[in-house]
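J.: Counting with the numbering used here, you get residues 22 to 92 for the letters of the sequence shown.
To start, I am sharing the structure in question, which I have written as C-alpha cells.
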Amino acid sequence: MEELLRTTDITLIPLVKTLLDDEGIDSFELDVNMSVLEGSIGILPRRLMVRRDQIDDARRILRMNGVSFEG
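Here it is in C-alpha cells:
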C-alpha cells in the first residue's frame, strides 16, 4: 500500500473513495480512530492508501476531478 492522500478535511476522503471505487481502485483509510485520541476536533490528518500498482491511476483520477493531494 502507498499513501495517496493525507488530510484533515473530513469530507475529502469520502469523495476520493467514491471516485476511486467508481474506477475499480481499492483504497484503505488509516488513522480513522485517531479522532478518539484528539477529541474529534480534526487536527490529526487521516491517510488514504491504495495498492502500489494502482497509485498512478489513482493520482490521475484525482487530477481529472480537480482534487488537490500531496504526492
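Backbone N, C-alpha and C define an ideal beta-carbon position, used for all residues, glycine too.
Let me know the secondary structure DSSP gives V53 once reduced to three states.
T.: Coil.
J.: What does the alpha-carbon distance come out to for the pair G92 and M55?
T.: Residue confidence for G92 is low, a pLDDT of 49 falling below 50, so the modelled location carries little weight; the figure read from the coordinates is stated next. Those two C-alpha atoms are separated by around 23 Å.
J.: Would you identify the three-state DSSP class for T32, choosing helix, strand or coil?
T.: Correct three-state label for T32: coil.
J.: At the level of alpha carbons, what is the spacing between D52 and R67?
T.: So the alpha carbons of these two residues sit roughly 5 Å apart.
J.: Is M22 helix, strand or coil by DSSP?
T.: DSSP places M22 in coil when its eight states are reduced to three.
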